[in-house]
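Here the sequence shown is numbered in the numbering used here, starting from 7 and rising by one per residue.
All C-beta atoms in this analysis are idealised placements derived from N, C-alpha and C, irrespective of residue type, glycine included.
For reference, the structure is listed below as structure tokens.
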Amino acid sequence: MRTLEAAARRLKPQPGAASRGLPRLWLLSDPQRLPDPRAAAAGLPAGATVLARGLAPAVLAGLAAIARRRRLSLVVAGDGRLALRHGAGLHLPDRRASTGLLPFLLARQRRRPLLLTLAAHGRPGLARARRLGADAVLLSPAFPTASHPGAPALGPLRWAALARHAGRPVVALGGVAGATAGRLPHWAAGFAAISGLGHPRGA
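Written as structure tokens, this is what we have:
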């Protein structure tokens, strides 16, 4: 069976400084479906990213240690100060408020590059990502997803149309797995998943 990791290796993102060195594989935690991503993160290849959402402090601290040891990127959702505390990037949700954005942006200017990513579900989110100079946008849902049962999906054609004109590297999220990744354009910046990556190797 084709794995998401293998599909990500075959991607050929559009050339340019914005996409240079950007991770192609993104694991997302989830309060219901993956509240503790540490075991799954330990099975990721070096250079992948873990996006931490709503984790307990002890779990986040352990995840940060795994990321350092395995050379993964860590991105914290919705809290710029918490991201800085762990030396992590920041992810801004599309439909929920975030805190600590200004301190994070100031630190991002002064220090080594810290990843800034945004969630988007359509054109308004993509425009916001351009305004903030985000490194990448997670555009969802590409396909029907268990995270939002019954919610309409963009589908591969609309996803590609939006991503093509985003002005930023775009990562596909929502129902993305080994079996569906091939329906997305080969120039996508990466693939993000919960269940598609939420099990350690061999599990």
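Query - Extent of the continuous beta strand (DSSP E) to which F197 belongs - result: Per DSSP, F197 is one residue of the beta strand (DSSP E) stretching across 196–199.
Requested in this report: Please report how far the alpha carbon of R44 lies from the alpha carbon of V56, in whole angstroms.
Outcome: Within the model, the alpha-carbon separation for R44 versus V56 is close to 9 angstroms.
Requested in this report: Mind checking which residues open and close the beta strand (DSSP E) that includes W165?
Outcome: Premise fails: W165 lies in the alpha helix (DSSP H), 161–170, not in any beta strand (DSSP E).
Query - Own chain residues within Cβ distance below 6 angstroms of S146, not counting five before or after - result: Cβ within range, chain order: L179, G180.
Query raised in the report: Is the Cβ-Cβ distance between P29 and G196 less than 8 angstroms?
Result: Here P29 is near G196, since their CB atoms are less than 8 angstroms apart.
Report task. Using the DSSP secondary-structure output, state which residues sit across from A45 in a beta bridge. Result -> When beta bridges are read from the DSSP output, A45 appears opposite no residue.
Query raised in the report: Where does G188 fall in DSSP's three states?
Result: Three-state DSSP puts G188 in coil, outside helix and strand.
Report task. Evaluate contact between the region 102–119 and the region 79–94, counting only Cβ atoms and requiring at least three cross-stretch pairs below 8 angstroms. Result -> With the cut-off at 8 angstroms, the region 102–119 and the region 79–94 touch.
Requested in this report: Give the secondary structure of A62 by DSSP, where H, G and I count as helix, E and B as strand, and everything else as coil.
Outcome: In the structure shown, A62 adopts coil according to DSSP, grouped into three states.
Report task. Report back the beta-carbon spacing between S215 and L40 to the nearest angstrom; my notes put them in contact at under 8 angstroms. Result -> In this structure the chain extends from 7 to 209, so residue 215 is not present and cannot be described.
Requested in this report: Find the nearest neighbour of G93 within the set R77, R102, P37, S104, judged by alpha-carbon distance.
Outcome: The shortest Cα separation from G93 among R77, R102, P37, S104 belongs to R77.
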